[in-house]
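Undergrad: Residue numbering for the sequence shown follows our numbering, starting at 129 and increasing by one per position. The beta carbon of each residue, even a glycine, is placed where N, CA and C say it ideally should be. All figures in this text were calculated on a predicted structure; none of them were measured in a lab.
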Amino acid sequence: MPREITGQKTVLRPIAESEYAQACAWRNDPGVAHLFYRRSVTPDQMGRDVEKLRRSATGDTLAITNRETLDFIGTLTYAIARKQGAPAEATLGILIGPEHARGRGLGADAINALGAWLAQELGVGKLLVEVKPGNSKAMNFYEKAGFAQRAIVMERDI
Ligand SMILES: CC(C)(COP(=O)(O)OP(=O)(O)OC[C@H]1O[C@@H](n2cnc3c(N)ncnc32)[C@H](O)[C@@H]1OP(=O)(O)O)[C@@H](O)C(=O)NCCC(=O)NCCS
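1. Per DSSP, what kind of secondary structure is residue 269 in: helix, strand or coil?
2. Over what stretch of residues does the beta strand (DSSP E) that includes residue 158 continue unbroken?
3. Between residue 200 and ligand 1, is the CB less than 7 angstroms from at least one heavy atom?
4. Determine contact between the segment 230 to 243 and the segment 166 to 178, defined as no fewer than three beta-carbon pairs at a distance below 8 angstroms.
5. Can you list, in chain order, the residues of its chain whose CB lies under 6 angstroms from that of residue 209, leaving out five sequence neighbours each side?
6. Taking the alpha carbon of residue 133 as the point to measure from, which residue in 144, 205, 245 has its own alpha carbon closest?
7. Could you tell me whether the segment 153 to 164 touches the segment 185 to 199, using the rule of 3 or more Cβ pairs below 8 angstroms?
8. Helix, strand or coil, according to DSSP, for residue 140 in the structure here?
9. Roughly how many angstroms separate the alpha carbons of residue 222 and residue 286, rounded to a whole number?
10. Could you pull the start and end residues of the beta strand (DSSP E) that residue 188 belongs to?
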């Protein structure tokens with residue numbers, strides 16, 4: 129787990145328990161909640177998820193802070209999967225919370241900083257993200273950050 133990762137515009141550090149309530153408030157906002165599969169997350173659930181990820185030593189949820197002001201502005205989760213004979217892959221989930229913090233390059237900077245750290249420190253060779261259909265803003269954002277579509281997964285209830 130990193131103690132701190134410094135990007136050009138952001139500083140990332142493990143999220144603190146005292147920040148779960150704010151992170152859930154951003155996550156559960158009706159303008160954002162529909163972009164995720166789980167409709168809402170409580171601070172307790174978030175705490176359990178973070179602890180599980182930390183115990184497994186394969187990932188973490190990081191607080192994204194503005195490097196200039198050190199304000200807490202979002203969360204970035206990574207989970208690493210290692211398969212024999214292939215480069216390790218990290219699946220990411222990102223949320224920039226306050227409206228005023230979006231569109232300023234902070235999300236892209238956080239992903240670039242984490243990506244560089246994962247490659248250098250943990251030998252990760254690929255970043256993955258899962259985007260819900262219709263979240264064209266996020267797709268646009270990821271494409272601009274160098275991601276390309278790898279698969280389209282379809283499902284049907286039975
Ligand atoms: C998607 C998200 C993480 C982007 O973070 P951000 O800090 O606002 O994005 P950036 O300022 O780094 O944007 C980088 C590029 O992404 C694109 N982009 C970002 N927000 C966009 C938007 N609202 N509409 C269209 N393109 C957008 C732009 O091309 C931008 O490049 P530019 O600055 O040259 O125009 C953030 O808006 C967010 O948290 N959204 C809600 C949650 C979400 O959808 N998370 C992803 C779930 S898969």
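TA: So, from the listed chains and residues:
1. Note: residue 269 maps to helix in three-state DSSP.
2. From DSSP, residue 158 is part of no beta strand (DSSP E) but of the alpha helix (DSSP H) over 158 to 161.
3. no
4. no
5. 217
6. 245
7. Two segments are said to touch when three or more pairs of C-beta atoms, one from each, lie closer than 8 angstroms; by this definition the segment 153 to 164 does not touch the segment 185 to 199.
8. The answer is strand: DSSP assigns residue 140 an E or B state.
9. 31 angstroms
10. 187 to 194
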